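For reference, the structure is listed below as structure tokens.
Set out below in structure tokens:
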């Protein structure tokens, strides 16, 4: 599997890196050769309008996975691609008039031009972190492993590494030849290396983010309009999806001998801390699923969902 960075995501994350949202534990400010070069080359642009308006845009909903989701709608000139419409799911993520986002892109485009970011990106598109992640990721066919476990077909898949994000994201693009993305937060990988968890974290992230493309749509079916959930429903929905995905990821880690069954207490306690409260309870059910009593994961899904109770009204 070829892993690369993405010009659009790297520019958005640089703008966020220069902005005043570090309290969100979003971008990796660890002093590295890369961040030193960023500060050296771009600190003079900290007052650019794209940077100054970024926190407001973020707070209004263009945050976390919505950043790469928006990026994949754009060409490298930060214009919306003409061959498919803007996803209603993306529009629904933004709390105010979406025209604010299209207006904001004018500033992003200008930032790219005046900062000459393209030249910088071309020099650093390949780096040691990508090489290390690519080498480890090449050991597993992620799409094949997920399809074999779930007995379902996945869309075409791609793994992207973001140098600056700490969090990782799973994004499904239904208008771009139905492609799914696993976006690895470089900050998480650097932390994993310091804590001797590099191998486990690389595989966990890639599986986890690809699994969102299967689990989220199944959970969407529980709602008459999944784009109009209230805050309590959103929290329930996220905990449901995260619990299922953490549990499946553990089963895959065990299957590929990256973790052992004996690690489950530690793993599932970590899952609880990361917003997946029912993941441990789902482990035994998944062992039953692995015995082959279900035609595919879609048929089995209701048993896992039941552990999270009814949808809040």
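Residue numbers (my numbering): 15 to 327.
Each residue gets a CB set at the ideal place from its N, CA and C atoms; glycine is no exception.
These numbers were taken from a predicted model, which means no experiment stands behind them.
Distance, residue 58 Cα to residue 100 Cα: In this structure, the alpha-carbon of residue 100 lies about 33 Å from that of residue 58.
Give, in chain order, every unbroken run of the alpha helix (DSSP H) that is at least 4 residues long and sits entirely within the region 158-226. Annotation note: the region 158-226 contains the following uninterrupted alpha helix (DSSP H) runs of length 4 or greater, listed N- to C-terminal: 200-208.
Any beta strand (DSSP E) of 3 or more consecutive residues that is wholly inside the region 81-106: Runs of the beta strand (DSSP E) inside the region 81-106: none found.
Coarse secondary structure for residue 144, derived from DSSP in three states: Note: residue 144 maps to helix in three-state DSSP.
Rounded to the nearest angstrom, what separates residue 21 and residue 178 at their Cα positions? Straight-line Cα distance between these residues: approximately 12 Å.
If you count every other CB in all the chains shown that lies within 10 Å of the CB of residue 254, and 16 or more means buried, which is it? Buried, since its Cβ has 16 or more Cβ neighbours within 10 Å.
Sort 322, 210, 217 by Cα distance to residue 250 and report the nearest one. Minimum Cα distance to residue 250 is reached at 322.
Opening and closing residue of the alpha helix (DSSP H) in which residue 312 lies: Taken as a continuous stretch (DSSP letters only), the alpha helix (DSSP H) holding residue 312 covers 311-320.
Residue 223, buried or exposed, once every other Cβ within 10 Å from all chains shown has been counted against 16: Residue 223 comes out buried.
Can you list, in chain order, the residues of its chain with a C-beta nearer than 6 Å to that of residue 139? Leave out the 5 residues immediately preceding and following it. Here the set comprises 19.
Endpoints, the alpha helix (DSSP H) within which residue 154 is located: Per DSSP, residue 154 is not a residue of any alpha helix (DSSP H), being assigned neither H nor E.
Local conformation of residue 41 per DSSP, three classes: If DSSP states are grouped into helix, strand and coil, residue 41 belongs with the strands.
Please report the Cβ distance between residue 83 and residue 185, rounded to the nearest whole angstrom; I am assuming they are in contact, meaning their Cβ atoms lie under 8 Å. Yes, residue 83 and residue 185 are in contact; Cβ-Cβ is about 5 Å, under 8 Å.
What does the Cβ neighbour count give for residue 217, buried or exposed, with the cut at 16 atoms within 10 Å? Buried, because 16 or more other Cβ atoms sit within 10 Å of the Cβ of residue 217.
Does DSSP classify residue 60 as helix, strand or coil? Per DSSP, reduced to three states, the secondary structure at residue 60 is coil, with no helix or strand assignment.
If distances are taken between C-alpha atoms only, which option among 245, 205, 26 comes closest to residue 379? This structure leaves residue 379 out entirely; the chain is present only between 15 and 327.
Residue 35 by DSSP, collapsed to three states: which one? Here residue 35 carries a coil assignment [DSSP, helix/strand/coil].
Since residue 98 contacts residue 189 with CB under 8 Å, what's their CB separation in whole angstroms? Yes, residue 98 and residue 189 are in contact; Cβ-Cβ is about 3 Å, under 8 Å.
Assign residue 116 to one of two classes, buried (16 or more other C-beta atoms within 10 Å of its C-beta) or exposed (fewer than that). With fewer than 16 other beta carbons inside 10 angstroms of its own, residue 116 counts as exposed.
Contact between the region 196-211 and the region 276-294 (3+ Cβ pairs under 8 Å): At 8 Å Cβ cutoff, the stretches do not touch.
Please name the residue, chosen from 220, 212, 130, that lies closest to residue 259 on a Cα-to-Cα basis. Here the closest residue by C-alpha is 220.
Look up residue 18 in the DSSP assignment and give the residues it is bridged to. BP columns for residue 18 point to 174.
Option in 128, 282, 130, 28 with minimal Cα separation from residue 81: Of 128, 282, 130, 28, the residue nearest in Cα terms is 28.
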